[in-house]
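Mapping the sequence shown onto our numbering, position 24 (from 1) lands on 26, and the numbers just tick up by one. Don't be surprised by glycine CBs; every beta carbon is placed ideally from N, CA and C.
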Amino acid sequence: MKRRPTKLQQAMERMDACLEAREWVGRRTLA
């Protein structure tokens, strides 16, 4: 059974992905 994600969960996931991408880009730029 799959529960539909709430707006809060979606926002948190989006923020997590954003931070992850920024971290990845920063590492790539420094490397």
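{"Asked": "Span separating the alpha-carbon of tryptophan 26 from that of alanine 13", "Found": "20 Å"}
{"Asked": "Closer than 7 Å: alanine 19 CB and nearest the ligand ADP heavy atom", "Found": "Absence of the ligand ADP is noted for the structure shown, with no ligands found whatsoever."}
{"Asked": "Backbone CA spacing between glutamate 22 and arginine 16 [nearest angstrom]", "Found": "10 Å"}
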